Structures are given as C-alpha cells and as structure tokens.
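Anchor point for the sequence shown: position 241 equals 859 in our numbering, and the numbering is continuous, going up by one each time.
The structure under discussion appears below in the form of structure tokens.
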Amino acid sequence: MTATILAVAAMFLVVAMRSFNYDSAYYSISYVASFLTNVADDIDTYLMSPGVSLTYALPSTEYGVYNYVYSNDAYCEIYVNASGANIVTATSGVLIYGVPPNYFSIPASRSAWYVWRGSNMIGYPTVNPSDFSLIVGPGVFALTGTLISIVQFGYGSVDGVSYGTFLALVPRVLAINGSLNSGVGYIYIPVFISMGNSTGRNILTIKILSVSSFSLSDVRHLIVTEKCNIGKYILLTNPALRKVTVVGNNIYIVEIRIGINMG
Numbered sequence: 619m620t621a622t623i624l625a626v627a628a629m630f631l632v633v634a635m636r637s638f639n640y641d642s643a644y645y646s647i648s649y650v651a652s653f654l655t656n657v658a659d660d661i662d663t664y665l666m667s668p669g670v671s672l673t674y675a676l677p678s679t680e681y682g683v684y685n686y687v688y689s690n691d692a693y694c695e696i697y698v699n700a701s702g703a704n705i706v707t708a709t710s711g712v713l714i715y716g717v718p719p720n721y722f723s724i725p726a727s728r729s730a731w732y733v734w735r736g737s738n739m740i741g742y743p744t745v746n747p748s749d750f751s752l753i754v755g756p757g758v759f760a761l762t763g764t765l766i767s768i769v770q771f772g773y774g775s776v777d778g779v780s781y782g783t784f785l786a787l788v789p790r791v792l793a794i795n796g797s798l799n800s801g802v803g804y805i806y807i808p809v810f811i812s813m814g815n816s817t818g819r820n821i822l823t824i825k826i827l828s829v830s831s832f833s834l835s836d837v838r839h840l841i842v843t844e845k846c847n848i849g850k851y852i853l854l855t856n857p858a859l860r861k862v863t864v865v866g867n868n869i870y871i872v873e874i875r876i877g878i879n880m881g
C-alpha cells in the first residue's frame with residue numbers, strides 16, 4: 619500500500635514539475651520580450667549617436683538561452699538598387715532568446731507567430747505578422763520609432779540550436795521620400811555586428827559603432843529591399859512588405875553599425 623502511494627505521489631510530482639516548467643518557460647518569453655523592448659527603445663534613441671555604449675544585465679530565466687547569430691542560417695540582408703544595379707549591400711546578424719522544445723513549444727509555421735515590437739510599413743504599431751513590415755516608410759507615421767523590432771517564431775532550429783519558440787531582435791530600414799525636383803530623400807540602414815566572441819550570458823553590451831553616409835544626386839528613385847532568414851523561417855512571406863521605392867532629387871543613404879556582445 620505504501621509503495622502504491624509513493625508511486626502515485628511520484629507520478630503527480632512529475633506531472634506538477636512538467637506543468638511548472640511549461641508555465642515558467644512560457645512566461646520567460648514575455649519577460650525577456652519586455653526586457654528586449656527596453657533594449658530596442660534605447661537603441662532607437664541613440665541610433666544616430668556613434669560611440670554610445672549601453673550595458674544590461676541579461677535576465678536569468680533558467681528556462682532559455684541567448685545567442686547572437688550571424689551565419690547562413692540566420693541573417694538579414696539589405697539591398698539598395700539604382701537603375702537595375704545594386705549600389706549597397708548590407709548584412710546583419712540577429713539576437714535570439716529561445717526556450718527548449720521539451721519545456722514549451724509552439725507549432726512551426728511559414729513565418730513569424732507574433733510581433734512584440736514593430737509596425738506596418740507606414741509606422742503604425744502592430745502585433746500581427748501579416749501586417750509587419752521590414753521597411754518603414756515612405757509617408758511614415760513615426761519617423762524614428764521601432765526601427766529595432768522583436769518577433770516571435772514557433773518551433774525550429776537556428777544555427778544548430780533547437781527551440782520550442784524563440785524571440786529575434788531584428789533591425790529594419792527607414793525610408794523617407796523627397797521629391798523628384800528638389801526634395802531630399804533618406805534611407806537609414808541599421809545593422810547588428812558582433813563585437814567579438816560572446817563568451818558569457820550574463821551581460822549584454824550594445825554599442826553604436828559608426829554612422830556613415832553618402833548621397834546620390836539626380837537618381838530620381840531607388841529601390842530598397844530587406845530580407846531576413848532565421849532558421850527555416852523567412853521573415854515576411856509577402857514581398858510587398860520588404861520592398862519600397864524611394865524618390866528624391868538627392869537621396870542620402872545612412873548605414874548605422876550596431877555592435878553586440880555578451881559576456
């Protein structure tokens with residue numbers, strides 16, 4: 619009788635622990651999403667301030683892992699095209715936080731599952747991946763808002779690490795129209811760059827490494843495209859949400875290099 623009671627108690631303990639791990643992993647996603655939102659707010663604030671360095675204590679959830687990834691398995695590419703030729707190609711890595719599939723898992727899909735921080739193409743905030751755009755503008759609602767976005771994906775493997783669900787911090791392009799006769803257009807391209815081997819998972823350092831620009835005259839219009847591949851996911855399956863035409867007599871192209879390191 620005692621053995622039976624102990625066996626039943628052990629079974630309930632296992633079930634309770636699984637439920638606890640499931641709930642804890644689930645809530646760790648929203649907890650880290652809130653933290654990364656604060657980080658993204660700061661990056662947007664200091665985007666045009668080269669030399670600014672920001673340091674954060676990474677939240678320790680015990681149910682997930684942070685990784686900065688820039689590889690064939692996780693990257694963003696930005697192209698600026700003039701008259702059929704690429705004049706700018708910029709690449710960026712992504713910062714990831716994910717939980718193991720044995721703790722918590724969301725079914726895989728073709729694209730993102732939820733947008734924690736982001737907007738549609740004209741700058742209005744959205745949580746719906748079908749409205750989310752990798753390019754903000756022209757005719758934007760908020761010129762300097764939410765260039766750094768946070769998107770959640772379902773089950774998948776990124777650079778050899780399996781996640782039941784994961785968050786990705788990704789940069790977006792801001793495009794501002796001028797006019798064909800005398801107006802000035804702008805294309806702002808933020809990219810994430812590794813600042814060396816991230817050997818720890820306690821401290822996150824973000825640094826605005828450089829802001830560089832050049833201008834093109836009498837180009838009339840440029841086509842800007844951004845694509846992000848993260849594991850098997852293509853961020854945005856709708857090409858219209860990752861491509862825009864910028865017009866202007868003079869168009870400035872500004873690249874912002876943002877360093878990331880964990881220690």
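Glycine included, C-beta positions come from ideal geometry on N, C-alpha and C.
All figures in this text were calculated on a predicted structure; none of them were measured in a lab.
Taking the Cα of tyrosine 806 as reference, the smallest distance to any Cα among Arg735, Thr707, Tyr645 is reached at Thr707.
For the options Ser648, Asn867, Ser667, Leu713, the alpha carbon positioned closest to that of proline 789 is the one of Leu713. Straight-line spacing of the CA atoms in isoleucine 705 and tyrosine 721 works out to 45 Å. Check the Cα spacing between serine 748 and each of Gly741, Gly866, Phe810, Val733: the tightest is with Val733. Around the beta-carbon of alanine 703, fewer than 16 other beta-carbon atoms lie within 10 Å, marking it exposed. Rounded to whole angstroms, the separation of the alpha carbons of methionine 813 and isoleucine 841 is 30 Å. Secondary structure of phenylalanine 653 (DSSP, three-state): helix.
DSSP links glutamate 873 through a beta bridge to Ile807, Ser830. Every unbroken stretch of the beta strand (DSSP E) spanning 3 or more residues and falling wholly within the segment 667-745 is given here in chain order: 671-675, 683-687, 692-700, 703-710, 712-717, 732-735.
Pairing isoleucine 724 with glycine 782 gives a Cβ-Cβ distance under 8 Å. Taken through DSSP and simplified to helix, strand or coil, tyrosine 851 comes out as strand. The alpha carbon of glycine 736 has as its nearest neighbour, out of Pro719, Ile753, Thr764, Gly774, the alpha carbon of Thr764.
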